[in-house]
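Trainee: There's a structure below that I have some questions on.
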Amino acid sequence: MLNFIRSKVKIIRIAIPLFLVIVASGFIYIKTQAVYLLSPGPLSAFNSKSEELGGVMSHADLERDCKHCHAPIHCITDSRCQDCHLEIAEDRNDVNTLHGRLPGVSRCQNCHTEHNGADADLIQLSFPNVDHYMLSGFSLSLHVENYDGTAFTCTTCHTKAGNFLETLDCISCHSKEDHDYMATHIEEYGSACVDCHDGNDRMIAGFDHEPYFPLQEGHENLECAQCHQDQKYVGISSTCVDCHADPELHAGVFGENCNMCHSVTAWAPAELKEHTFMIQHGDEPIDTCETCHAGSYTEYPCGTCHEDAEMETVHLSEGITEINDCISCHPTGRGKEEVFKPESQSAVTDNSNHQNNNTTQTNTQNQIPSEDEKQSNKPNKDSNNQSGKDG
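The opening residue of the sequence shown carries number 22 in my numbering; numbering runs sequentially from there.
If you want it as C-alpha cells, here you go:
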C-alpha cells in the first residue's frame, strides 16, 4: 500500500509540471493567436534585393513573431529595426547618406509603415512622407502622376534599387512627351535640369536673369511664358517693342527708344525725360503730351496752338516768308522777344535778313543774343516811329 502511494506521488509530481507546461503553452498559443487576430494587417513580403536579412527574407516571415519588432510597452522600437538593418544603422550617423540627411529619421515608421499587405512595397509607401525638397532641393509638387496617369513613385526616377542619392536623368521621362523639344532644350542648356528647375514650376525657376534682362519692378513677377512663348528660351529679343506693341498708338509715332518716356517701374504714366523743345514756354501750362502732339509724337506743329493764318499774317508783315521752321528762330518758344538766328548770323531785325537767309537757317548751335544786341537791333523801327511823331 505504501509503495502504491509513493508511485502515485511520483506520477503527480511529474504530471503537475507537465500540466502546467501544457496549460502555459496553450495560453501562449491562445495569446499569440489573439494578438495575431488583432494585427492590423499582413506584413510585407517585399524584398528589393532578394537577399536574406536578419535570418529572414522579408517581414512576412515574422508574421507570428510580434515581439521581434514590438516591445511590451513601446509598440515599435527603432533599435529592433536596426538589429537586422545594420547598413541603415550605420547610415544614420553619416550625413552623406539618405538616412543621415533626412529629418525625423529617428523613427523608422515615419516613412516605412507596415501591416499594409503582403504585396506592399515599404519603400514606395514612404514616398508621401519624405520631404523631397529639403532632401534634394527638388520639389515633387508637380510630380504626382506620370504622363500616362499612373501614380508617381520613388522608383519612377530612382531606378537603381536602394540607391536614392544618384544623379538622375530627367530626360528619360520628359523625352517621351516631346522628344524634339527636349533634344533642342538639351542642346541649348545642357542636361543639368536642376540648375534651372526646382520642381515647383514647369518653367525656369532658378535661372539667373540678371546678365541678360534684369527682371526689376514691373517685370519682377512675370511668368516665363509671358515673354518666352512656345517654350522658346534662347534668342529672345530684349527690346520693349517685341512685347509691348500698340499699333494704334505707338507704331511709327514714338520710335523704339522706349526709356525716353517709360521706366521699368510701370508702363504708365509716361514721362518724357529729355525734350527737344522747352515744354512750358507759353502763358498757359501744358499738362499732357496731346496739348502739342496731336496724333504724332515725333512731330510738333506749332499750329496746334498758334493759328497758322495769324502767324502767316504776322510774319509776312515782317517780310518773313519761311514760316514753317519755327524752331530755327524761336528755339525756346519765347516769341519775338528772343528771336535769333544760328551762330555766325545776326539777330533777325529786318526783311532782307529773313529773305536772304531763310534757306540756310538750321537748328544746331543756336545762340541767344545779349540784351545789348537786342537793343542795337531796334533803332531803325524806333527811329521811323519817332519821325512819325515829330512830323
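All C-beta atoms in this analysis are idealised placements derived from N, C-alpha and C, irrespective of residue type, glycine included.
Hey, would you say Val116 sits closer than 8 angstroms to Phe159, going by beta carbons?
Mentor: To locate residue 116, count along the sequence shown from 1; it is residue 95. To locate residue 159, count along the sequence shown from 1; it is residue 138. Taking 8 angstroms as the Cβ cut-off, Val116 and Phe159 do not qualify as a contacting pair.
Trainee: Candidates Ser212, Arg128, Asp219: which alpha carbon is nearest His153's?
Mentor: Stepping through the sequence shown from its first residue, residue 153 is reached at position 132. Selected option, being the one with the closest Cα: Asp219.
Trainee: So is Leu143 buried or exposed if we call it buried at 16+ other beta carbons inside 10 Å?
Mentor: For the purposes of this step, residue 143 is taken as the residue at position 122 of the sequence shown. That one is buried.
Trainee: May I ask which residues mark the beginning and end of the alpha helix (DSSP H) holding Asp196?
Mentor: Taking the sequence shown and counting its residues from 1, one reaches residue 196 at position 175. Sequence inspection shows Ser at residue 196; the Asp mentioned does not correspond to that position. Segment 192-198, the alpha helix (DSSP H) holding Ser196.
Trainee: Can you check the segment 75-105 for any alpha helix (DSSP H) of at least 4 residues that lies completely inside it and give the ranges in chain order?
Mentor: 99-105
Trainee: So is Ile37 buried or exposed if we call it buried at 16+ other beta carbons inside 10 Å?
Mentor: Taking the first residue of the sequence shown as position 1, residue 37 is located at position 16. With fewer than 16 Cβ atoms within 10 Å of its Cβ, Ile37 is classed as exposed.
Trainee: Quick one: residues in its chain with C-beta nearer than 8 angstroms to the C-beta of Gly324, no 5 flanking neighbours on either side, listed in chain order?
Mentor: Position 303 of the sequence shown, counted from the first residue, corresponds to residue 324. If we look at Gly324 and ignore the five residues flanking it on each side, its Cβ neighbours are Met332.
Trainee: Measuring straight from C-alpha to C-alpha, what distance separates Asn387 and Val285?
Mentor: Here residue 387 is taken as the residue at index 366 of the sequence shown, counted from 1. Here residue 285 is taken as the residue at index 264 of the sequence shown, counted from 1. The predicted model places Asn387 with a pLDDT of 34, which falls under 50 and marks its position as unreliable; any figure quoted below should be read in that light. Cα to Cα, Asn387 sits roughly 35 angstroms from Val285.
Trainee: Once DSSP output is grouped into helix, strand and coil, what is the label at Glu328?
Mentor: Walking along the sequence shown from the start, residue 328 turns up at place 307. In the structure shown, Glu328 sits in coil (DSSP, three-state: anything other than H, G, I, E or B).
Trainee: Relative to the alpha-carbon of Met299, which residue among Ile109, Pro352, Cys194 has its alpha-carbon at the smallest distance?
Mentor: Locating residue 299 in the sequence shown gives position 278, counting from the first residue. For the residues Ile109, Pro352, Cys194, the minimum Cα distance to Met299 belongs to Pro352.
Trainee: My assumption, with CB atoms under 8 angstroms, is that Gly138 sits in contact with Gly239. Please give the rounded CB distance.
Mentor: The residue labelled residue 138 in the question sits at position 117 within the sequence shown. The residue labelled residue 239 in the question sits at position 218 within the sequence shown. With a Cβ gap of about 56 angstroms, Gly138 and Gly239 do not count as contacting.
Trainee: When DSSP builds the beta bridges, which residues end up paired with Ala172?
Mentor: Within the sequence shown, residue 172 is the residue found at index 151, counting from 1. In the DSSP output, where bridge partners are listed per residue, Ala172 has Glu166.
Trainee: Do Leu156 and Arg122 count as a contact pair if the criterion is CB distance below 8 angstroms?
Mentor: Within the sequence shown, numbered from 1, the residue matching residue 122 stands at position 101. Within the sequence shown, numbered from 1, the residue matching residue 156 stands at position 135. Closer than 8 angstroms, so yes.
Trainee: To which residues of the same chain is Cys191 closer than 7 angstroms at the C-beta, ignoring the five residues directly before and after it?
Mentor: By 1-based counting over the sequence shown, the position of residue 191 is 170. Hits under 7 angstroms: Cys214.
Trainee: Taking Pro77 as the reference, give the member of Thr98, His106, His91, Ser60 with the closest Cα.
Mentor: The residue labelled residue 77 in the question sits at position 56 within the sequence shown. First, the amino acid is wrong: residue 77 is Val here, not Pro. Closest option to Val77, Cα to Cα, is His106.
Trainee: Along the chain, where does the alpha helix (DSSP H) containing Gly121 start, and where does it finish?
Mentor: Position 100 of the sequence shown, counting from 1, holds the residue named residue 121. 119-122 is the span of the alpha helix (DSSP H), which, as asked, contains Gly121.
Trainee: Using only CA atoms, which one of Asp304, Ala330, Ala291 lies nearest to Glu311?
Mentor: Counting from one through the sequence shown, the residue named residue 311 turns up at place 290. Closest option to Glu311, Cα to Cα, is Ala291.
Trainee: Give the DSSP-derived three-state secondary structure of His283 in the structure shown.
Mentor: To locate residue 283, count along the sequence shown from 1; it is residue 262. Residue state, collapsed to three classes: coil.
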